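> Next up is a structure, given as structure tokens.
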Amino acid sequence: MNALYLPLVAGIISTVFAFIMLRRTLGFSQGSDRMKELSKYIQEGASAFLEEEARKIFLVAVILAAVLGIIFQSFKYPIVLLFGALVSELAGVIGMYAATRANARVAAGAGSGLSNAFKVAFSSGSVMGLAVAGFSLTGLAIVMLVFKSSFVFESITDISKAFGRISYIDGVMIISSYSLGASLIALFDRVGGGMYTKAADMSADLVGKIEEHIEEDDPRNPATIADNVGDNVGDVAGLGADILESYVASIVSAIVLAIFMKFADHGTMTEAQYYGLIILPVLIAGAGVLASLIGVLVVANMKTKDAQKSLSFGNLFTGVLVLGSVAIVIGIAAPDYPFKDSFIINPEFVSRWRLFFAIASGLIAGIIISKLSEYYTSDQYKPTRKLAKDTQSGVAINITGGLALGMGSTLWPVITLAMAILAAYWSAGVYGIAMAALGMLSFVGYIVSVDSYGPVADNAGGIAQMANLDPKVRKLTDRLDSVGNTTAAIGKGFAIGSAAFAALALIVSYIWGSAGTANEIVNNPIINLVEPYTLIGILIGGMLPFFFTSLLIKGVADTANLMIVEIRRQFKEIPGIRTGEAVPDYKRCIEITTKGAVSRMLTPGVVAIASPFIIGFLFGRSAVAGLLVGGLASAIMIAIFSANSGGAWDNAKKFIETGEYGGKGTPTHEAAVVGDTVGDPLKDTVGPSMDILIKLMSVVSLVFGSLFPVTPFFM
């Protein structure tokens, strides 16, 4: 277990460099007083949202921690849950702090060229990326070291009991509680942040562009600041928490499966094999963190004339570093271990290099899915360009074309996922599936850095517009923003793929850990698909993402409606806004959006947390397995469809705004704006939230699975 100090050190190094990059970001010039003033508005708006959201999250986390402590009669699990939530929240706060203070600095840097502006934007994005990787890995290593007695070889198969009938393994509960804490933050950051950003964006576009015929980011629009705040709460804090959750879940699920393999092996697993299997995921994560750090530092110090090429080079460079470092870790630390044919022990042994192939399959699948997302959503490729061309025929054609594009775009990503799962399983059994999830997320520090760069560049363009800077500055920030749109699409594809792998690994862990009787942890965990209770679970699981989606879209629409009423009121009642002689009440719009989004995020959160409990207590453990499988299948389709439809509508609009098909101010442009508005809640609220839904339901089931009856309570 002393090997855990290595990933602990790697996590601490990443965290230290996050603060170094923060200091570097703050060292750049903020520009004029007007730019500082606008940036201050955005900072205050983002802080207000985080504070309001944190109060709600704290309440839910404390209630869930108390329930966990009472049920399992232990103080350890509630403490670890709250610690996991704190780690995730801290990473988000630091990343948001950097992003909201970098926007004016990027705009100021653009005055002296693209290279300087890119350096500021990427440096600020790297704060979030390195914080996500560093905080999460450091936290997990600390938990395992503090409670290392719960993971020792001699006692890992000891069954703990609560109330005389609830059976569980202490080590599994400890690390699963850490994952659950991270999942809670991800849920509310993604759902609340998604509602905020799209309510502000939709209302700003509908009133500003269509009713008042003013440009995006025009300071006369009362919703402009709220719109810029939304970019940060949704695409910086939300994305970071989402991928942090997947990252933690992939490591945790691999460790949990290793523990269950030891429990079920009937004495054939050696001590060296056991320790190798539970420590290997954390060692690989540590190697990935250091490789990501090197990639981040290389890109952050580049002098570039093409931001897209620099980021693509960094992606390739970091990926090669990760594969090389993983190969070294596998060669040194990975054991040969008993192969799991389905869930049953087989005497065949798996070579450590087959483990490497499983990890590589996840990494390659992540890259392919990301590129597919780029293909379907970028205006450099046929699907989005055709959508823009078809928009000349009106809104209806734009909407139907976008829907068809999104639905069709599910084909190749799902096939890629399926092939990667098969390759991972053939290589190393169910443990290989968990390791493939980790492989996909092994350079999380670099991926989140790239994705967090985009919203900063977008905000910089807004400040350049509102501060009336030289048009050359806005042109440069628009170039950075265009690259940011591409990285955002890639990031969404990556988040969806990693969520699918992480959720699948958690589902496998749940099935393994919840298949026995009240006195057995593991008992041939095979789910009968034709059993009525399993079918009930599958049907309800398939329905839940649609119901969850309806709550999200309704929340966005209701909040946007409140904003639209307020924006219209200000244009009507405050003389001089249209002429620029009066300043809109930006703070009122921020307040409305914050309260609207935070109040409407609780119901979807309760649905995600409560569903496994309700199904489990009513229909038993196999029904929960069906719930998770049905939910995974349904949520992945909705996530891919939503992200790609919304992204294509957005970029078709921007393609038209470059002057194609008549450009701005034409009926074609107005139709594209409507399509983009329809797609906004899909790509930035629904799609990302599906990732959270499937992971949260899976980890809740894993933590509380031993409570559920093996058969329905009425049998």
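Just so we're aligned, residue 472 is where the sequence shown starts under our numbering, counting upward by one.
Using N, Cα and C, we set each Cβ at its ideal position, and we do this for glycine too.
Source: prediction; values computed, not measured.
1. Check this for me: beta carbons of alanine 519 and isoleucine 1063, under 9 Å apart or not?
2. For phenylalanine 827, tell me which candidate among Ile840, Ser796, Leu843 and Tyr846 has the shortest Cα-Cα distance.
3. With C-beta atoms as the reference, is valine 753 less than 9 Å away from valine 1145?
4. Give the straight-line distance between the Cα atoms of aspartate 1188 and glycine 701, rounded to the nearest whole angstrom.
5. Excluding the 5 residues flanking phenylalanine 618 on each side, which residues of the same chain have their C-beta closer than 7 Å to its C-beta?
6. Taking the alpha helix (DSSP H) that tyrosine 902 belongs to, which residues open and close that run?
7. State the CB to CB distance for the pair glycine 665 and proline 1138, rounded to an integer number of angstroms; the pair is presumed to be in contact (CB under 8 Å).
8. Cutting at 8 Å between CB atoms, please list the residues of its own chain near leucine 561, excluding the five before and the five after it.
9. Return yes when the Cβ of phenylalanine 784 is within less than 9 Å of the Cβ of valine 643, no when it is not.
10. Output the distance between the C-alpha atoms of leucine 1178 and phenylalanine 1018, rounded to the nearest integer angstrom.
11. Alpha helix (DSSP H) containing leucine 553: first to last residue?
12. Count the other C-beta atoms from every protein chain shown that fall within 10 angstroms of the C-beta of histidine 1140, then say buried if there are 16 or more, exposed otherwise.
13. Roughly how many angstroms separate the alpha carbons of lysine 811 and tyrosine 902, rounded to a whole number?
14. State buried or exposed for glutamine 544, treating a residue as buried only when at least 16 other CB atoms are found within 10 Å of its CB.
15. Between glycine 580 and serine 923, is the Cβ-Cβ spacing less than 9 Å?
16. Residues in its own chain within less than 7 Å of glutamine 863 by CB, not counting five upstream and five downstream?
17. Mind listing, in chain order, the continuous alpha helix (DSSP H) runs of no fewer than 4 residues lying wholly within the segment 1066-1102?
18. Check whether the Cβ atoms of glycine 964 and alanine 831 sit closer than 9 Å, and answer yes or no.
19. Can you tell me whether DSSP reads methionine 1168 as helix, strand or coil?
20. How about isoleucine 1038 and alanine 675: are their beta carbons less than 9 Å apart?
21. Do alanine 712 and serine 597 have their C-beta atoms closer together than 9 Å?
22. Are alanine 889 and glycine 925 closer than 9 Å when you measure CB to CB?
23. Thinking C-alpha only, which one of Ser1070, Val1181 and Ile1086 is nearest isoleucine 413?
24. Please state whether DSSP places methionine 773 in a helix, a strand or coil.
25. Around the C-beta of alanine 986, are 16 or more other C-beta atoms found within 10 angstroms, so that it is buried, or is it exposed?
26. Give the list of continuous alpha helix (DSSP H) stretches no shorter than 4 residues that lie fully inside the segment 1123-1175.
27. Buried or exposed: tyrosine 476, going by 16 or more other Cβ atoms within 10 Å of its Cβ?
28. So, at 7 Å on beta carbons, what are the nonlocal neighbours of glycine 660 in its own chain, with the 5 sequence-adjacent residues on each side left out?
29. Within the segment 906-960, note down every full alpha helix (DSSP H) run reaching 4 residues or more, in order along the chain.
30. Which residues in the same chain as tyrosine 745 place their Cβ atom closer than 8 Å to its Cβ, once the five residues preceding and following it in sequence are excluded?
31. Only counting the same chain, and skipping five residues up and downstream in sequence, which positions put a Cβ closer than 7 Å to that of leucine 876?
32. Reducing DSSP to helix, strand and coil, say where asparagine 692 ends up.
33. Assign isoleucine 839 to one of two classes, buried (16 or more other C-beta atoms within 10 Å of its C-beta) or exposed (fewer than that).
34. Please report the straight-line C-alpha distance between serine 595 and glycine 498, rounded to a whole angstrom.
35. Determine the contact status of glutamine 936 and aspartate 706, defining contact as a CB-CB distance below 9 Å.
36. Taking just the CA atoms, how far does leucine 764 sit from tyrosine 917?
To lay it out plainly:
1. Your numbering for residue 519 matches position 48 in the sequence shown. Your numbering for residue 1063 matches position 592 in the sequence shown. The answer is no: Cβ separation not under 9 Å.
2. By 1-based counting over the sequence shown, the position of residue 827 is 356. Answer by Cα proximity: Ser796.
3. The residue labelled residue 753 in the question sits at position 282 within the sequence shown. The residue labelled residue 1145 in the question sits at position 674 within the sequence shown. No.
4. Lying before the first or after the last residue shown, residue 1188 is absent from the chain, which here runs from 472 to 1186.
5. Within the sequence shown, the letter at position 147 stands for residue 618. The answer, listed in chain order, is Lys547 and Ile645.
6. Taking the sequence shown and counting its residues from 1, one reaches residue 902 at position 431. It spans 882-911 - the alpha helix (DSSP H) in which tyrosine 902 sits, taken as one unbroken run.
7. Mapped onto the sequence shown, residue 665 falls at position 194. Mapped onto the sequence shown, residue 1138 falls at position 667. With 8 Å as the limit, glycine 665 and proline 1138 do not qualify as a contact, their Cβ atoms being about 30 Å apart.
8. Against the sequence shown, residue 561 aligns to sequence position 90. Once the five neighbours on either side are set aside, the close Cβ partners of leucine 561 are Ala602 and Phe606.
9. What you label residue 643 is simply residue 172 of the sequence shown in a count that begins at 1. What you label residue 784 is simply residue 313 of the sequence shown in a count that begins at 1. Contact: no.
10. Along the sequence shown, one-based indexing puts residue 1178 at 707. Along the sequence shown, one-based indexing puts residue 1018 at 547. When rounded, the distance between both Cα atoms is 26 Å.
11. For the purposes of this step, residue 553 is taken as the residue at position 82 of the sequence shown. Here the alpha helix (DSSP H) through leucine 553 covers 547-581.
12. As a working note, residue 1140 is residue 669 in the sequence shown. By the neighbour-count rule (16 or more Cβ atoms within 10 Å), histidine 1140 is buried.
13. The residue labelled residue 811 in the question sits at position 340 within the sequence shown. The residue labelled residue 902 in the question sits at position 431 within the sequence shown. The pLDDT assigned to lysine 811 is 47, lower than 50, so where the model puts this residue is not dependable, and the model offers no usable value.
14. By one-based count along the sequence shown, residue 544 stands at place 73. The residue is exposed, with fewer than 16 neighbouring Cβ atoms inside 10 Å.
15. The sequence position of residue 580 within the sequence shown is 109, counting from 1. The sequence position of residue 923 within the sequence shown is 452, counting from 1. No, the Cβ-Cβ distance between glycine 580 and serine 923 is not below 9 Å.
16. Numbered from its first residue, the sequence shown carries residue 863 at position 392. So the list reads Tyr1132 and Thr1139, once near-sequence residues are dropped.
17. Taken in chain order, the complete alpha helix (DSSP H) segments of 4 residues or longer contained in the segment 1066-1102 are 1073-1090.
18. Along the sequence shown, read from residue 1 onward, the residue named residue 964 stands at position 493. Along the sequence shown, read from residue 1 onward, the residue named residue 831 stands at position 360. Result no, Cβ atoms of glycine 964 and alanine 831 do not sit closer than 9 Å.
19. Locating residue 1168 in the sequence shown gives position 697, where the first residue counts as 1. Methionine 1168 carries a helical assignment under DSSP once its states are collapsed to helix, strand and coil.
20. Within the sequence shown, the letter at position 567 stands for residue 1038. Within the sequence shown, the letter at position 204 stands for residue 675. Yes. Within cutoff.
21. Stepping through the sequence shown from its first residue, residue 712 is reached at position 241. Stepping through the sequence shown from its first residue, residue 597 is reached at position 126. Against a cut-off of 9 Å, the Cβ pair of serine 597 and alanine 712 comes out as no contact.
22. If you number the sequence shown from 1, residue 889 lands on position 418. If you number the sequence shown from 1, residue 925 lands on position 454. Using a Cβ distance threshold of 9 Å, alanine 889 and glycine 925 do not count as a contacting pair.
23. A query on residue 413 cannot be resolved here, the shown segment of the chain reaching from 472 to 1186 and no further.
24. Against the sequence shown, residue 773 aligns to sequence position 302. Coil, per DSSP.
25. Taking the sequence shown and counting its residues from 1, the one referred to as residue 986 is at position 515. Summary for alanine 986: the model assigns pLDDT 48, below 50, so the residue's position carries little reliability, and this model does not support an answer.
26. Fully enclosed alpha helix (DSSP H) runs of 4 or longer: 1138-1152 and 1158-1175.
27. On the sequence shown, position 5 is the one that residue 476 refers to. Result: exposed.
28. Here residue 660 is taken as the residue at index 189 of the sequence shown, counted from 1. The sequence shown places aspartate at residue 660, rather than the glycine named in the question. The residues are Gly563, Ala708, Gly709 and Ala712.
29. 915-937
30. Looking up residue 745 in the sequence shown gives position 274. So the list reads Phe624, Ile627, Ala729 and Lys733, once near-sequence residues are dropped.
31. Residue numbering aside, residue 876 sits at position 405 when the sequence shown is read from its first letter. Its chain contains Tyr847, Pro854, Leu858, Asn1115, Ser1116 and Ala1119 as the residues whose beta carbon lies nearer than 7 Å to that of leucine 876, once the 5 sequence neighbours on both sides are disregarded; these appear in chain order.
32. Counted from its first residue, the sequence shown places residue 692 at position 221. Coil.
33. Translated into positions along the sequence shown, residue 839 becomes position 368. Classification for isoleucine 839: buried.
34. Within the sequence shown, numbered from 1, the residue matching residue 595 stands at position 124. Within the sequence shown, numbered from 1, the residue matching residue 498 stands at position 27. Going by the C-alpha atoms only, they are around 11 Å apart.
35. Locating residue 936 in the sequence shown gives position 465, where the first residue counts as 1. Locating residue 706 in the sequence shown gives position 235, where the first residue counts as 1. It is not a contact, given that the beta carbons lie outside the stated cut-off.
36. For the purposes of this step, residue 917 is taken as the residue at position 446 of the sequence shown. For the purposes of this step, residue 764 is taken as the residue at position 293 of the sequence shown. Rounded to whole angstroms, tyrosine 917 to leucine 764 spans 7 Å at the Cα level.
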